[in-house]
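Numbering (full-length UniProt numbering), first residue to last: 1 to 213.
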(Lines of atoms letter the chains of each structure in order from A and count residues from 1; the text may use other names and numbers.)
(Lines give C-alpha, C1' and ligand atoms only; values in the text may rest on other atoms or scores of the structure.)
Protein backbone atom coordinates (compact mmCIF):
# COMPACT_ATOMS: atom_id res chain seq x y z
CA UNK A 1 0.00 0.00 0.00
CA UNK A 2 1.54 3.35 -1.01
CA UNK A 3 2.41 5.83 1.71
CA UNK A 4 0.10 8.83 1.82
CA UNK A 5 1.79 12.24 1.65
CA UNK A 6 -0.11 15.36 2.70
CA UNK A 7 0.67 18.86 1.42
CA UNK A 8 -0.57 22.38 2.13
CA UNK A 9 -3.34 21.95 -0.45
CA UNK A 10 -4.75 19.04 1.57
CA UNK A 11 -5.18 21.15 4.70
CA UNK A 12 -7.51 23.91 5.85
CA UNK A 13 -5.63 26.01 8.39
CA UNK A 14 -8.85 27.82 9.32
CA UNK A 15 -9.95 24.75 11.27
CA UNK A 16 -7.27 25.17 13.92
CA UNK A 17 -7.68 28.96 13.81
CA UNK A 18 -11.28 28.48 14.97
CA UNK A 19 -10.26 26.41 18.02
CA UNK A 20 -8.70 27.02 21.41
CA UNK A 21 -5.41 25.14 21.41
CA UNK A 22 -4.09 24.13 24.83
CA UNK A 23 -0.43 23.20 25.09
CA UNK A 24 0.50 20.76 27.81
CA UNK A 25 4.16 21.62 28.18
CA UNK A 26 6.24 24.48 26.77
CA UNK A 27 9.52 22.65 26.33
CA UNK A 28 11.35 21.31 23.28
CA UNK A 29 8.36 20.86 20.95
CA UNK A 30 5.81 22.93 22.86
CA UNK A 31 7.51 26.28 22.40
CA UNK A 32 8.30 25.74 18.71
CA UNK A 33 4.82 24.56 17.81
CA UNK A 34 3.05 27.25 19.83
CA UNK A 35 5.07 30.00 18.16
CA UNK A 36 4.49 28.47 14.72
CA UNK A 37 0.74 28.26 15.33
CA UNK A 38 0.62 31.86 16.48
CA UNK A 39 2.52 33.02 13.41
CA UNK A 40 0.01 31.06 11.28
CA UNK A 41 -2.87 33.09 12.69
CA UNK A 42 -3.98 30.83 15.54
CA UNK A 43 -4.93 33.38 18.18
CA UNK A 44 -6.50 31.26 20.91
CA UNK A 45 -3.49 29.52 22.43
CA UNK A 46 -3.31 28.53 26.09
CA UNK A 47 -0.04 27.38 27.63
CA UNK A 48 -0.39 24.87 30.45
CA UNK A 49 2.82 24.42 32.40
CA UNK A 50 4.07 24.25 35.97
CA UNK A 51 5.67 27.45 37.24
CA UNK A 52 9.25 26.85 36.13
CA UNK A 53 11.78 28.16 33.61
CA UNK A 54 9.59 26.99 30.72
CA UNK A 55 6.69 29.05 32.05
CA UNK A 56 9.07 32.00 32.34
CA UNK A 57 10.04 31.51 28.69
CA UNK A 58 6.37 31.40 27.72
CA UNK A 59 5.82 34.77 29.40
CA UNK A 60 8.84 36.22 27.60
CA UNK A 61 7.33 34.95 24.34
CA UNK A 62 4.11 36.82 25.02
CA UNK A 63 1.94 34.03 26.44
CA UNK A 64 0.22 33.94 29.82
CA UNK A 65 0.79 30.40 31.13
CA UNK A 66 -1.76 28.77 33.41
CA UNK A 67 -1.90 25.48 35.27
CA UNK A 68 -2.17 22.31 33.23
CA UNK A 69 -5.63 21.70 34.66
CA UNK A 70 -6.87 25.13 33.59
CA UNK A 71 -5.38 24.80 30.11
CA UNK A 72 -7.17 21.48 29.64
CA UNK A 73 -10.48 22.99 30.75
CA UNK A 74 -10.14 25.72 28.12
CA UNK A 75 -8.89 23.71 25.15
CA UNK A 76 -10.76 22.19 22.22
CA UNK A 77 -7.41 20.81 21.06
CA UNK A 78 -4.87 19.43 23.55
CA UNK A 79 -1.24 19.36 22.43
CA UNK A 80 0.36 16.79 24.75
CA UNK A 81 4.03 17.73 24.45
CA UNK A 82 5.62 16.67 27.72
CA UNK A 83 8.13 13.78 27.86
CA UNK A 84 6.78 10.27 27.26
CA UNK A 85 7.78 9.10 30.72
CA UNK A 86 5.70 11.83 32.38
CA UNK A 87 2.59 11.64 30.23
CA UNK A 88 0.70 8.84 31.97
CA UNK A 89 1.08 10.37 35.44
CA UNK A 90 0.16 13.88 34.32
CA UNK A 91 -2.75 12.51 32.30
CA UNK A 92 -4.18 10.64 35.28
CA UNK A 93 -3.58 13.38 37.84
CA UNK A 94 -4.21 16.61 35.94
CA UNK A 95 -5.73 16.05 32.51
CA UNK A 96 -8.28 13.24 32.33
CA UNK A 97 -10.87 14.69 34.73
CA UNK A 98 -10.70 18.16 33.16
CA UNK A 99 -11.22 17.27 29.49
CA UNK A 100 -14.18 18.89 27.74
CA UNK A 101 -16.43 16.82 25.51
CA UNK A 102 -15.44 16.37 21.85
CA UNK A 103 -11.83 17.42 22.39
CA UNK A 104 -8.96 16.47 20.08
CA UNK A 105 -5.76 15.06 21.57
CA UNK A 106 -2.58 15.71 19.57
CA UNK A 107 0.63 13.84 20.34
CA UNK A 108 4.08 14.34 18.86
CA UNK A 109 5.33 10.99 20.13
CA UNK A 110 3.32 7.84 19.56
CA UNK A 111 4.52 5.78 22.52
CA UNK A 112 1.75 6.25 25.09
CA UNK A 113 -1.04 6.00 22.52
CA UNK A 114 0.49 2.99 20.75
CA UNK A 115 0.76 1.03 23.98
CA UNK A 116 -2.63 2.12 25.36
CA UNK A 117 -1.21 3.88 28.41
CA UNK A 118 -3.71 6.75 28.41
CA UNK A 119 -7.35 6.45 29.49
CA UNK A 120 -9.02 8.17 26.53
CA UNK A 121 -12.63 9.45 26.61
CA UNK A 122 -14.96 7.77 24.13
CA UNK A 123 -15.78 11.04 22.34
CA UNK A 124 -12.15 12.18 21.97
CA UNK A 125 -10.36 12.36 18.61
CA UNK A 126 -6.72 11.28 18.83
CA UNK A 127 -4.19 12.30 16.18
CA UNK A 128 -0.43 12.41 15.84
CA UNK A 129 1.58 15.29 14.40
CA UNK A 130 5.19 14.23 14.93
CA UNK A 131 8.02 16.40 13.56
CA UNK A 132 11.13 14.30 13.03
CA UNK A 133 13.50 16.84 14.51
CA UNK A 134 13.97 18.81 17.71
CA UNK A 135 11.84 21.85 18.45
CA UNK A 136 14.52 24.39 17.58
CA UNK A 137 14.68 22.95 14.07
CA UNK A 138 10.89 23.00 13.73
CA UNK A 139 10.87 26.68 14.64
CA UNK A 140 13.88 27.70 12.54
CA UNK A 141 12.60 25.95 9.43
CA UNK A 142 9.16 27.46 9.83
CA UNK A 143 10.65 30.95 10.05
CA UNK A 144 12.90 30.28 7.03
CA UNK A 145 10.01 28.67 5.08
CA UNK A 146 11.97 25.43 4.72
CA UNK A 147 10.18 22.04 4.79
CA UNK A 148 10.98 19.44 7.42
CA UNK A 149 10.00 15.77 7.87
CA UNK A 150 6.89 14.98 9.90
CA UNK A 151 4.65 11.98 10.53
CA UNK A 152 0.88 12.37 10.82
CA UNK A 153 -1.87 9.92 11.68
CA UNK A 154 -5.41 9.54 12.94
CA UNK A 155 -5.57 7.09 15.83
CA UNK A 156 -9.19 7.64 16.89
CA UNK A 157 -11.86 9.43 14.89
CA UNK A 158 -14.86 9.93 17.16
CA UNK A 159 -16.02 13.08 15.34
CA UNK A 160 -15.51 11.98 11.74
CA UNK A 161 -13.32 15.05 11.16
CA UNK A 162 -10.10 14.01 12.92
CA UNK A 163 -8.02 13.92 9.73
CA UNK A 164 -9.03 17.45 8.79
CA UNK A 165 -8.05 18.68 12.26
CA UNK A 166 -4.77 16.78 12.13
CA UNK A 167 -3.80 18.25 8.75
CA UNK A 168 -4.85 21.75 9.81
CA UNK A 169 -2.46 21.58 12.76
CA UNK A 170 0.31 20.08 10.65
CA UNK A 171 -0.10 22.86 8.10
CA UNK A 172 -0.10 25.57 10.75
CA UNK A 173 3.21 24.39 12.22
CA UNK A 174 4.77 24.23 8.74
CA UNK A 175 4.85 20.45 8.40
CA UNK A 176 2.96 20.15 5.11
CA UNK A 177 5.27 22.40 3.12
CA UNK A 178 7.51 21.13 0.34
CA UNK A 179 7.69 17.34 0.31
CA UNK A 180 4.78 17.16 2.75
CA UNK A 181 3.87 15.26 5.90
CA UNK A 182 4.01 11.47 5.77
CA UNK A 183 1.05 9.34 6.78
CA UNK A 184 2.08 6.92 9.52
CA UNK A 185 0.77 5.64 12.86
CA UNK A 186 1.63 5.94 16.54
CA UNK A 187 2.81 2.33 16.54
CA UNK A 188 5.14 2.92 13.58
CA UNK A 189 6.51 6.13 15.10
CA UNK A 190 7.10 4.49 18.47
CA UNK A 191 8.76 1.50 16.83
CA UNK A 192 11.12 3.71 14.84
CA UNK A 193 12.09 5.66 17.96
CA UNK A 194 12.64 2.53 20.05
CA UNK A 195 14.74 0.91 17.32
CA UNK A 196 16.87 4.03 16.95
CA UNK A 197 17.32 4.53 20.69
CA UNK A 198 17.87 0.90 21.71
CA UNK A 199 19.52 -0.66 18.66
CA UNK A 200 20.86 1.79 16.10
CA UNK A 201 22.49 4.50 18.22
CA UNK A 202 24.08 2.09 20.73
CA UNK A 203 25.72 0.30 17.79
CA UNK A 204 26.96 3.58 16.33
CA UNK A 205 28.40 4.63 19.69
CA UNK A 206 30.07 1.22 20.05
CA UNK A 207 31.70 1.68 16.64
CA UNK A 208 32.95 5.13 17.67
CA UNK A 209 34.40 3.73 20.89
CA UNK A 210 36.14 0.89 19.06
CA UNK A 211 37.54 3.30 16.51
CA UNK A 212 38.84 5.56 19.27
CA UNK A 213 40.39 2.69 21.20
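Yeah, the Cβ is synthetic: ideal placement off N, Cα and C, and Gly gets one too.
These numbers were taken from a predicted model, which means no experiment stands behind them.
Could you give the first and the last residue of the continuous alpha helix (DSSP H) run that contains residue i?
i           : result
residue 140 : 135-143
residue 168 : 162-172
residue 60  : 53-60
residue 68  : 68-74
residue 15  : 14-17
If you draw a straight line from the C-alpha of residue i to the C-alpha of residue j, how long is it?
i           : j           : result
residue 95  : residue 72  : 6 Å
residue 70  : residue 109 : 23 Å
residue 14  : residue 43  : 11 Å
residue 159 : residue 45  : 22 Å
residue 191 : residue 209 : 26 Å
residue 74  : residue 132 : 28 Å
residue 35  : residue 68  : 18 Å
residue 125 : residue 80  : 13 Å
residue 99  : residue 213 : 54 Å
residue 6   : residue 167 : 8 Å
residue 32  : residue 2   : 31 Å
residue 29  : residue 76  : 19 Å
Going by alpha carbons, who is nearest to residue i out of the options?
i           : options               : result
residue 183 : 150, 17 and 20        : 150
residue 87  : 77, 145, 111 and 41   : 111
residue 20  : 99, 78, 30 and 167    : 78
residue 185 : 179, 178, 163 and 177 : 163
residue 105 : 143, 93 and 24        : 24
residue 145 : 128, 187, 129 and 40  : 40
Using the three-state DSSP reduction, which class does residue i fall into: helix, strand or coil?
i           : result
residue 100 : coil
residue 30  : helix
residue 125 : strand
residue 190 : helix
residue 211 : helix
residue 217 : As shown, the chain starts at 1 and ends at 213. That puts residue 217 outside it, with no answer to give.
residue 105 : strand
residue 24  : strand
Taking the beta strand (DSSP E) that residue i falls in, what are its first and last residues?
i           : result
residue 77  : 77-80
residue 90  : Counting along the chain, residue 90 falls outside any beta strand (DSSP E), though it belongs to the alpha helix (DSSP H) covering 84-90.
residue 11  : From DSSP, residue 11 is part of no beta strand (DSSP E); its letter is neither H nor E.
residue 113 : Premise fails: residue 113 lies in the alpha helix (DSSP H), 111-114, not in any beta strand (DSSP E).
residue 158 : First-last for residue 158: undefined, no H or E at that position.
Is the shortest distance between the beta-carbon of residue i and the beta-carbons of chain C less than 8 Å?
i           : result
residue 168 : The chain labelled as chain C is not found in the depicted structure, where only one protein chain is given.
Checklist entry - Would you say the segment 42-56 touches the segment 149-157, given that touching needs at least three Cβ pairs under 8 Å? => result no
Next on the checklist: Quick test of the definition: if touching needs 3 or more C-beta pairs under 8 Å, does the segment 51-62 touch the segment 10-20?
Outcome noted: no
Next on the checklist: With three or more C-beta pairs closer than 8 Å as the rule, is the segment 168-177 touching the segment 110-119?
Outcome noted: no
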